[in-house]
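Q: First, the structure itself, so that you have it in front of you.
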Amino acid sequence: MNGAMVKIAVGSSLVLAGLFVAAHPARSAGVETGVRVGTSTVRCGLADGRVFRVVLNVEVAKNIFCAPPTYWGSHAPKVLIKRLVATIDGDTLQIPASAYLDLCQPFHMRVDRNESGVTLTISGGDAGPETDYRAALEFTNGTLLRRRVEAGDESVIRWEETTYSPKP
């Protein structure tokens with residue numbers, strides 16, 4: 675996964691929410707699960723019969739306090755995502771640690787199948803409108819192509835987007 679482009683912006687929720695929705699093709703009914711300390715797993719059947727599986731390892735944070743925006747989800751994280759492994763029929767997909775290590779306080783994950791692949795959405799935060807987030811990781815042909823994290827309430831949404839280069 676060579677070279678990543680990062681875009682960060684602040685703007686009205688109407689405009690940014692419109693961009694986010696427009697960027698996602700129609701989705702099938704997703705598969706979801708709650709996230710807890712330890713290991714959480716979600717599986718989704720793909721259109722070609724293969725199975726997309728995500729294993730998320732979450733651990734209790736130890737003595738961390740940081741100024742924003744070091745972590746999405748809290749200024750003083752209590753739990754952190756330590757590892758995210760995605761497979762298709764047992765073959766492990768390449769996911770850079772930067773796609774998930776800055777997400778804390780996860781409480782939900784969902785996998786949606788769409789026209790071009792699969793979207794893994796991780797939701798988290800410490801229940802404050804400034805810290806709750808939704809991170810969408812988009813996979814096409816077994817490759818992570820895009821990560822978009824949104825946080826905030828209706829008046830202001832902050833977001834960050836990373837685009838990964840496809841496999842050569």
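Using my numbering, you'd call the opening residue of the sequence shown number 675 and step up by one each time. We put the beta carbon where it would ideally sit given N, CA and C, even for glycine. Predicted model, so just to flag it, every value in this text is computed and none were measured.
(1) Per DSSP, what kind of secondary structure is P699 in: helix, strand or coil?
(2) Pairing CB atoms from the region 711-724 with CB atoms from the region 766-778, are three or more of them under 8 Å?
(3) Which residue marks the beginning of the beta strand (DSSP E) containing R808, and which one marks its end?
(4) Residue range of the beta strand (DSSP E) that K756 falls in?
(5) Exposed or buried, which one is R808 when buried takes at least 16 other CB atoms within 10 Å?
(6) Would you mind working out which of L767, Q779, E812, D765 sits nearest A801, comparing C-alpha positions?
(7) Does the beta-carbon of T836 have 16 or more other beta-carbons within 10 angstroms, so that it is buried, or is it exposed?
A: The answer reads as follows:
(1) Caution is warranted here: a pLDDT of 34 is assigned to P699, below 50, making its placement in the model unreliable, and the coordinate value is therefore given only provisionally. Three-state result, P699: coil.
(2) no
(3) 807-814
(4) 753-762
(5) buried
(6) Q779
(7) buried
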